[in-house]
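K.L.:
Mapping to this note's numbering: the sequence shown position 34 is 47, numbers consecutive.
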Amino acid sequence: MAKDETKRLTPAVLTEDEEVYAAVKDMGDYAPANPAYTHAALDTAHAELKAAFDKSVQADAAAAAARDDFVAMQWRFHNLILGTKDQVTAQYGPDSNQVQSIKRKKKSEYNAPKRKSKTSGAK
Numbered sequence: 014m015a016k017d018e019t020k021r022l023t024p025a026v027l028t029e030d031e032e033v034y035a036a037v038k039d040m041g042d043y044a045p046a047n048p049a050y051t052h053a054a055l056d057t058a059h060a061e062l063k064a065a066f067d068k069s070v071q072a073d074a075a076a077a078a079a080r081d082d083f084v085a086m087q088w089r090f091h092n093l094i095l096g097t098k099d100q101v102t103a104q105y106g107p108d109s110n111q112v113q114s115i116k117r118k119k120k121s122e123y124n125a126p127k128r129k130s131k132t133s134g135a136k
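#1: Go ahead and pull the three-state DSSP assignment for asparagine 47.
#2: Output the distance between the C-alpha atoms of histidine 59 and histidine 52, rounded to the nearest integer angstrom.
#3: Alpha carbon to alpha carbon, what distance is there between glutamate 31 and alanine 76?
#4: For valine 101, I'd like the list of residues in its chain whose CB is within less than 6 Å of its CB, leaving aside the five on either flank, ordered along the chain.
#5: Output the boundary residues of the alpha helix (DSSP H) element that contains serine 114.
#6: Could you spell out the range, first to last residue, of the alpha helix (DSSP H) harbouring threonine 57?
Structure representation (structure tokens):
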């Protein structure tokens, strides 16, 4: 049988399996020596495969939707925090300790602009 049944099959292998299944379904006189490989067993396994695939696709879609909802809530919260920082600055002033507590620099902590000195190297 298979070497490593923990890895997913490639699409080419799955396509070949589907083609073999369709060919065996068309064989009216198919009578395997091992009863584990009858038409009924193949039909059951094929139906279970399709159901598992559908469940997987639906779970992927649900996970993607949940991830999108999570990202939207992250942005909503982040935008609220940015607005809150502006409100704190407006209420307490740009040089207050409250402004420093919301991870912003006080206005007095910024360096004053300095003039650039002219170099006397030009002749």
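Virtual Cβ for every residue (Gly too), placed ideally from N, Cα, C.
P.N.:
On the basis of the data shown:
#1: When secondary structure is reduced to three states using DSSP, asparagine 47 falls in the coil class, being assigned neither helix nor strand.
#2: Roughly 10 Å separates the two Cα atoms.
#3: Distance between the alpha carbons of alanine 76 and glutamate 31 is about 28 Å.
#4: Counting only residues of its own chain and dropping the five nearest sequence neighbours on each side, valine 101 has a CB closer than 6 Å to the CB of Gln111 and Ile115.
#5: If you look at serine 114, you'll find it in the alpha helix (DSSP H) that goes 110–114.
#6: Per DSSP, threonine 57 belongs to the alpha helix (DSSP H) from 52–105.
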